[in-house]
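Before any comments, here is the structure.
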Amino acid sequence: MKLWGGRFESGPSEVFERFSGSLHFDRRLIEADIAGSKAFARALRRVGVLDDAELDSLLSAFDSILEDSRRPGFYDGATDEDVHTLVIRLLNARAGAAAAKIHTGRSRNEQVSLDTRLWLRAEIDRVLDLLAGLLESLLLRAQADPSAIVPGYTHLRRAQAVLWPHYLLAYFEMFARDYERFLQARARVNVLPLGSGALAGSGFPFDRPAIAGELGFAAVTNNSMDVSGDRDFALDFLYAASTTMLHLSRLAEDWILYSSDEFGWLELADGVTSGSSLMPQKKNPDSLELIRGKCGRVFGALTSLFLTMKGLPMTYNRDMQEDKEPLFDAAGQLALSLEMAAAVVATARLRPAPAAAAAEQSWTVATDLAEALSRAGVPFHRAHQLVGRLVLESVRAGRTPSSWTGAELAAFAPEFTPEMAALLDPAAGMKTREIPGGTGPQAVASALARAADRLLALRSSMSGSL
Ligand code: ARG
Numbered sequence: 053m054k055l056w057g058g059r060f061e062s063g064p065s066e067v068f069e070r071f072s073g074s075l076h077f078d079r080r081l082i083e084a085d086i087a088g089s090k091a092f093a094r095a096l097r098r099v100g101v102l103d104d105a106e107l108d109s110l111l112s113a114f115d116s117i118l119e120d121s122r123r124p125g126f127y128d129g130a131t132d133e134d135v136h137t138l139v140i141r142l143l144n145a146r147a148g149a150a151a152a153k154i155h156t157g158r159s160r161n162e163q164v165s166l167d168t169r170l171w172l173r174a175e176i177d178r179v180l181d182l183l184a185g186l187l188e189s190l191l192l193r194a195q196a197d198p199s200a201i202v203p204g205y206t207h208l209r210r211a212q213a214v215l216w217p218h219y220l221l222a223y224f225e226m227f228a229r230d231y232e233r234f235l236q237a238r239a240r241v242n243v244l245p246l247g248s249g250a251l252a253g254s255g256f257p258f259d260r261p262a263i264a265g266e267l268g269f270a271a272v273t274n275n276s277m278d279v280s281g282d283r284d285f286a287l288d289f290l291y292a293a294s295t296t297m298l299h300l301s302r303l304a305e306d307w308i309l310y311s312s313d314e315f316g317w318l319e320l321a322d323g324v325t326s327g328s329s330l331m332p333q334k335k336n337p338d339s340l341e342l343i344r345g346k347c348g349r350v351f352g353a354l355t356s357l358f359l360t361m362k363g364l365p366m367t368y369n370r371d372m373q374e375d376k377e378p379l380f381d382a383a384g385q386l387a388l389s390l391e392m393a394a395a396v397v398a399t400a401r402l403r404p405a406p407a408a409a410a411a412e413q414s415w416t417v418a419t420d421l422a423e424a425l426s427r428a429g430v431p432f433h434r435a436h437q438l439v440g441r442l443v444l445e446s447v448r449a450g451r452t453p454s455s456w457t458g459a460e461l462a463a464f465a466p467e468f469t470p471e472m473a474a475l476l477d478p479a480a481g482m483k484t485r486e487i488p489g490g491t492g493p494q495a496v497a498s499a500l501a502r503a504a505d506r507l508l509a510l511r512s513s514m515s516g517s518l
């Protein structure tokens, strides 16, 4: 069956049908298509296109199609152009004459926007839930080792020591921003396009806010031409998905490094790693590598839709059908990656002793010492020089920071006081960083408490929405 044809003398060629058909992927929208069509049927009743009996027979036919669509083999042999056509074909077979009225004043251009929005809204809700799970795993990991010290890196060189929870909370911030981005994307998605017709607005006086209310949309779109030509709502989702994947990928990269023998201070659980078919000793971080790898796929989806939309004349063009496969793929890969990352975080174990040793041995205390000199009145540039010389001397002599005694420090340069030797322990210098947002132990303890509150607030911002 076709939703068009009167104007044609012959049917579509086999190659054109094969080339343009989208049922094999847009069938994923069937639940949304039926939910939207049921609401539309009610709207048709309200404007008098359908009577009560016709509405009833359409609604029960939609329900039976939905039920059947969940059975295996439902799509076997179906050759419909797209999911919208398939549903209407089945409706014709099951609802009798009323089925011929279902598309009154409606276009597939608005229908595909409606279906994609309904599907994407549910998908965003799933992502928000998974993101909240990841945020919780990060918090629990941080609470498990509240005072562990790890090296912080710049240029992948040990830079300054930080508390392990401070490092984890950095990712908490990133994923909390991602959560907010998805909430914003959701608000853009959650607008009813129905009533727009093909591009000029429907010729029937539908009560659009009533349809919106029925489908849980917060508002109705403002411009029918915009609806037919717009995929910004999908781009917003793909941008939020890409940024989340970027953060996941950087976490993955960190943990691949930290759990390697070269770093050696993080242990990944057996359950999220795999072995080698040849080398018996291997324990490979495949879960994290795949997260890093899938990142490219999601960025690709964003780029793909950008390129599809660029240069399209107003309003709908069939090019836009190419939005779905990247969107579906990105949403699926994102959800999987979030679930995987939460499992890795929940089961990883910090090895506090080698982590602290890595921080201690590499002069991550140098800045603490220079700042202590500065606080004692030495101009910072001079303090920087002095500590730099101390480090150079240590490197030459093969000495660790903690091997210096107070007396030796004072002998090295008169600006040093013996008490400054206490700062050769990274835990001491950290206490000078109690500034809000810093790695001081109290600052981190209150950041942890705030993060727990923020997670609750994010979660409750969702539970209230439709
Ligand atoms: N399958 C189409 C899509 O995904 C539905 C809209 C078709 N509209 C049209 N004018 N051919 O975009």
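For the sequence shown, the numbering used here begins at 53 and goes up steadily by one. Beta carbons: idealized from backbone N, C-alpha and C, even for Gly.
- Ile308 burial status per 10 Å Cβ neighbour count (16 or more: buried): By the neighbour-count rule (16 or more Cβ atoms within 10 Å), Ile308 is buried.
- Test item: CB-CB of Ile140 and Leu55 under 8 Å: Yes, the pair counts as a contact, with Cβ atoms nearer than the cut-off.
- By a C-beta neighbour count over all protein chains shown, 10 Å radius and 16 as the cutoff for buried, is Phe114 buried or exposed? Buried, since its Cβ has 16 or more Cβ neighbours within 10 Å.
- Taking the alpha-carbon positions, what's the Ala149 to Asp108 distance? Going by the C-alpha atoms only, they are around 12 Å apart.
- Range covered by the beta strand (DSSP E) that runs through Leu215: According to the DSSP assignment, Leu215 belongs to the beta strand (DSSP E) that extends over Arg209 to Leu215.
- Message: Can you tell me whether Arg229 is helix, strand or coil according to DSSP?
- Response: DSSP, read as helix, strand or coil, puts Arg229 in helix.
- Hey, how far is the Cα of Asp519 from the Cα of Asp381? With the chain running from 53 to 518 in the structure shown, residue 519 is simply not present.
- Message: Is Asn161 near the ligand ARG - that is, is its Cβ less than 7 Å away from at least one heavy atom of it?
- Response: The answer is yes for Asn161.
- Item | Cβ neighbours of Glu391 in the same chain (closer than 8 Å, five flanking residues each side left out) | Closer than 8 Å at the Cβ level, and outside the excluded window around Glu391, lie Leu182 and Gly185.
- Please report how far the alpha carbon of Leu192 lies from the alpha carbon of Ala398, in whole angstroms. Rounded to the nearest whole angstrom, the C-alpha separation of Leu192 and Ala398 is 8 Å.
- Message: What does the Cβ neighbour count give for Leu461, buried or exposed, with the cut at 16 atoms within 10 Å?
- Response: Leu461 is buried by the Cβ-count criterion.
- Supposed contact pair Leu143 and Ile117 - C-beta distance, whole angstroms, cut 8 Å: Confirmed, Cβ separation roughly 7 Å.
- Message: Please report the distance separating the alpha-carbon of Gly360 from that of Ser72.
- Response: Per the sequence presented here, residue 360 reads as Thr, with Gly not at that position. Approximately 16 Å, taken between the alpha carbons.
- Hey, out of Ser311, Leu444 and Gly429, whose CA is closest to Pro466's CA? Put simply, of Ser311, Leu444 and Gly429 the residue whose alpha carbon is nearest the alpha carbon of Pro466 is Gly429.
- Other residues of its chain near Ala87: CB distance less than 8 Å, five sequence neighbours each side excluded: So the qualifying residues of the chain are Leu170 and Leu267.
- Task: Kindly indicate the opening and closing residues of the alpha helix (DSSP H) around Tyr291.
- Result: Per DSSP, Tyr291 belongs to the alpha helix (DSSP H) from Asp284 to Tyr310.
- Own chain, CB closer than 6 Å to Leu300, minus 5 neighbours either side, in chain order: Closer than 6 Å at Cβ, skipping near neighbours: Ile343, Ser389 and Ala393.
- For Arg205, which residues does DSSP report across the bridge? According to the sequence shown, residue 205 is Tyr rather than Arg. Tyr205 is bridged to Arg210.
- Kindly indicate which three-state DSSP category Val101 falls into: helix, strand or coil? Annotated three-state conformation of Val101 is coil, per DSSP.
- Task: Drop a sphere of 10 angstroms on the beta-carbon of Pro470, count the other beta-carbons inside from all chains shown, and report buried for 16 or more, exposed for fewer.
- Result: Pro470 comes out exposed.
- Query: Regarding Tyr368 and the ligand ARG, is the C-beta to nearest heavy atom distance less than 7 Å?
  - Reply: Result yes, Cβ under 7 Å from the ligand ARG.
- How would you label Leu508, buried or exposed, when you count the other beta carbons within 10 angstroms and need 16 or more for buried? By the 10 Å Cβ count, Leu508 comes out exposed.
- With burial defined as no fewer than 16 other Cβ atoms inside 10 Å of the residue's Cβ, what is the status of Leu518: buried or exposed? Residue confidence for Leu518 is low, a pLDDT of 46 falling below 50, so the modelled location carries little weight; the figure read from the coordinates is stated next. Leu518 is exposed by the Cβ-count criterion.
- According to the neighbour-count rule (16 or more other Cβ atoms, all chains shown, within 10 Å of its Cβ), is Gln494 buried or exposed? Flag for Gln494 reads exposed.
- Task: List the endpoints of the continuous alpha helix (DSSP H) containing Gly352.
- Result: Counting along the chain, the alpha helix (DSSP H) containing Gly352 begins and ends at Asp338 to Met361.
- Task: Give the secondary structure of Ser112 by DSSP, where H, G and I count as helix, E and B as strand, and everything else as coil.
- Result: Judged by DSSP in its simplified three-state form, Ser112 adopts helix.
- Message: Between the alpha carbons of Thr131 and Tyr205, how many angstroms are there, rounded?
- Response: Note on geometry: alpha-carbon atoms of Thr131 and Tyr205 lie some 57 Å from one another.
- Near Gly253, which residues of its chain fall below 6 Å by C-beta distance, leaving aside the five closest residues on each side in sequence? Non-local beta-carbon contacts of Gly253 in its own chain, meaning distances under 6 Å to residues more than five positions away in sequence, involve Ser276 in chain order.
- Task: In angstroms with no decimal places, state the Cα-to-Cα distance between Leu220 and Ser121.
- Result: Within the model, the alpha-carbon separation for Leu220 versus Ser121 is close to 44 Å.
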